[in-house]
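Take 76 as the starting number for the sequence shown in the working numbering and just add one per residue.
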Amino acid sequence: MSVNKDIKRMTTHVIQEMKERDEKITMLTAYDFSMARILDAANIDVLLVGDSASNVMAGHETTLPITLDQMIYHASSVVRAVKRALVVVDLPFGSYQGNSRIALESTIRIMKESGAHAVKLEGGAEIQESIKRILSAGVPVMGHLGLTPQSIYKFGTYTVRAKEEAEANKLIEDAKLLQELGCFAIVLEKIPAKLAKRVTESIDIPTIGIGAGPDVSGQVLVSHDLLGITKDFKPRFLRRYLNLFDEIKRAAEQYGDDVRSGNFPNEKEQY
């Protein structure tokens, strides 16, 4: 059971303390004020303003199209709602790869214009210069290894990553490098559970899993998946806690029927 409900504000320091106490960290995505307020009231520890907004909010096939301006818009909406959670924002595709100066400029815009608390980047050794430069400006960085959706066209599939020994060893080395550079946590996405456990045991900073088994420091899901707002996405790791797609659809259909029949508004629903 969490002992952090009375903490006024989650920080990277608190997240690290949770890892050291073997207390599980909860993380969910949020893209707007209303949802973020609900999740924050539910004492979710970390809210991720994910580039998955490209999929669930804008309807794109991949995360690649979302822009820095759009990420700042979503992050600003979330930050205004939050009183307790740590707000982490994805740096979108094209805003940090290959140029550490652009990475820093992108990060500074996110931090200044949205008020977020940290940023998240996908990749290991290949983006270390960008991570160094961001950290040198005093901005906390969360890493992301395993399945990295921004590299979908490189991998060509969303299948489980690091099943082969060579890729698994590289992932472990990348995790150690991210810790050495100064990242405060690492997301491990869609990798074998045994590998996620090895990574978690080989580093001191928290690991947050999605499709990476139970032996990590915490878990993250896309809120729209957890709530059943999305309907077609059915990976093995996803547990749907509600089926809001059908419930919202029924409510909208009932509203439509009531309007068409003259049942809404009734005498009590007018001035």
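Heads up, the beta-carbon is just placed ideally off N, CA and C, and yes, glycines get one too.
Work out the CA separation of residue 183 and residue 301 for me, nearest whole Å. Here residue 301 refers to the residue found at position 226 when the sequence shown is read from its first residue. Here residue 183 refers to the residue found at position 108 when the sequence shown is read from its first residue. Their Cα atoms are separated by approximately 31 angstroms.
- Query: Can you tell which of 339, 139, 286 and 317 has the C-alpha that lies nearest to the C-alpha of residue 236?
  - Reply: By one-based count along the sequence shown, residue 236 stands at place 161. When only C-alpha atoms are compared, the closest one is 286.
Given this structure, state the Cα-to-Cα distance separating residue 339 from residue 346, to the nearest angstrom. For the purposes of this step, residue 339 is identified with residue 264 of the sequence shown, where counting begins at 1. For the purposes of this step, residue 346 is identified with residue 271 of the sequence shown, where counting begins at 1. The C-alpha of residue 346 is placed about 13 angstroms away from the C-alpha of residue 339.
Practice problem: Give the DSSP-derived three-state secondary structure of residue 120 in the structure shown. | Solution: Position 45 of the sequence shown, counting from 1, holds the residue named residue 120. The answer is coil: DSSP assigns residue 120 none of H, G, I, E or B.
* Are the beta-carbon atoms of residue 303 and residue 318 separated by less than 7 angstroms? -> Taking the sequence shown and counting its residues from 1, the one referred to as residue 303 is at position 228. Taking the sequence shown and counting its residues from 1, the one referred to as residue 318 is at position 243. Yes, Cβ-Cβ distance for residue 303 and residue 318 is below 7 angstroms.
How would you label residue 164, buried or exposed, when you count the other beta carbons within 10 angstroms and need 16 or more for buried? The residue labelled residue 164 in the question sits at position 89 within the sequence shown. That one is buried.
Does the Cβ of residue 331 have 16 or more other Cβ atoms within 10 Å, making it buried, or fewer, making it exposed?
Here the question's residue 331 lines up with position 256 in the sequence shown. Counting Cβ neighbours within 10 Å, residue 331 comes out exposed, since fewer than 16 surround it.
### Task
Going by DSSP, name the residue or residues bridged to residue 196.
Residue 196 sits at position 121 when you count from the first residue of the sequence shown. DSSP lists no partner for residue 196.
Does the beta-carbon of residue 249 have 16 or more other beta-carbons within 10 angstroms, so that it is buried, or is it exposed?
As a working note, residue 249 is residue 174 in the sequence shown. Result: buried.
Review point. Is the segment 120 to 130 touching the segment 156 to 172, taking contact as three or more C-beta pairs under 8 angstroms?
Key: With the rule of 3 Cβ pairs closer than 8 angstroms, the segment 120 to 130 counts as touching the segment 156 to 172.
Counting only the same chain and skipping the five closest in sequence on each side, list residues whose C-beta sits under 7 angstroms from that of residue 155. Residue mapping note: residue 155 aligns to position 80 of the sequence shown, counting from 1. Correct list, in chain order: 108.
Next item on the list: Confirm, please, whether the CB-CB distance from residue 157 to residue 111 is below 7 angstroms.
Entry: Counting from one through the sequence shown, the residue named residue 111 turns up at place 36. Counting from one through the sequence shown, the residue named residue 157 turns up at place 82. A contact, by the Cβ cut-off of 7 angstroms.
Self-check item: Integer-rounded CB distance, given that residue 101 should sit under 8 angstroms from residue 113
Solution: Working through the sequence shown from its first residue, we reach residue 113 at position 38. Working through the sequence shown from its first residue, we reach residue 101 at position 26. With a Cβ gap of about 14 angstroms, residue 113 and residue 101 do not count as contacting.
* Asked: Are the beta-carbon atoms belonging to residue 128 and residue 148 less than 7 angstroms from one another?
  -> The residue labelled residue 128 in the question sits at position 53 within the sequence shown. The residue labelled residue 148 in the question sits at position 73 within the sequence shown. No.
When we look at the beta-carbon of residue 344 and count the other beta-carbons within 10 Å, is it buried (16 or more) or exposed? Position 269 of the sequence shown, counted from the first residue, corresponds to residue 344. That one is exposed.
| Considering residue 149, what are the terminal residues of the alpha helix (DSSP H) in which it resides? | Taking the sequence shown and counting its residues from 1, the one referred to as residue 149 is at position 74. Residues 143 to 156.
Query raised in the report: If you drop the 5 nearest sequence neighbours on each side, which residues of the same chain put their C-beta closer than 7 angstroms to that of residue 143?
Result: As a working note, residue 143 is residue 68 in the sequence shown. Hits under 7 angstroms: 167, 170, 181 and 184.
Next on the checklist: Which residue marks the beginning of the beta strand (DSSP E) containing residue 295, and which one marks its end?
Outcome noted: Residue mapping note: residue 295 aligns to position 220 of the sequence shown, counting from 1. Residue 295 -> beta strand (DSSP E) spans 293 to 296.
Taking all protein chains shown into account, do 16 or more other C-beta atoms lie within 10 angstroms of the C-beta of residue 326, making it buried, or fewer, making it exposed?
Here residue 326 corresponds to residue number 251 of the sequence shown, with the count starting at 1. For residue 326, the number of other beta carbons within 10 angstroms of its own is below 16, and it is reported as exposed.
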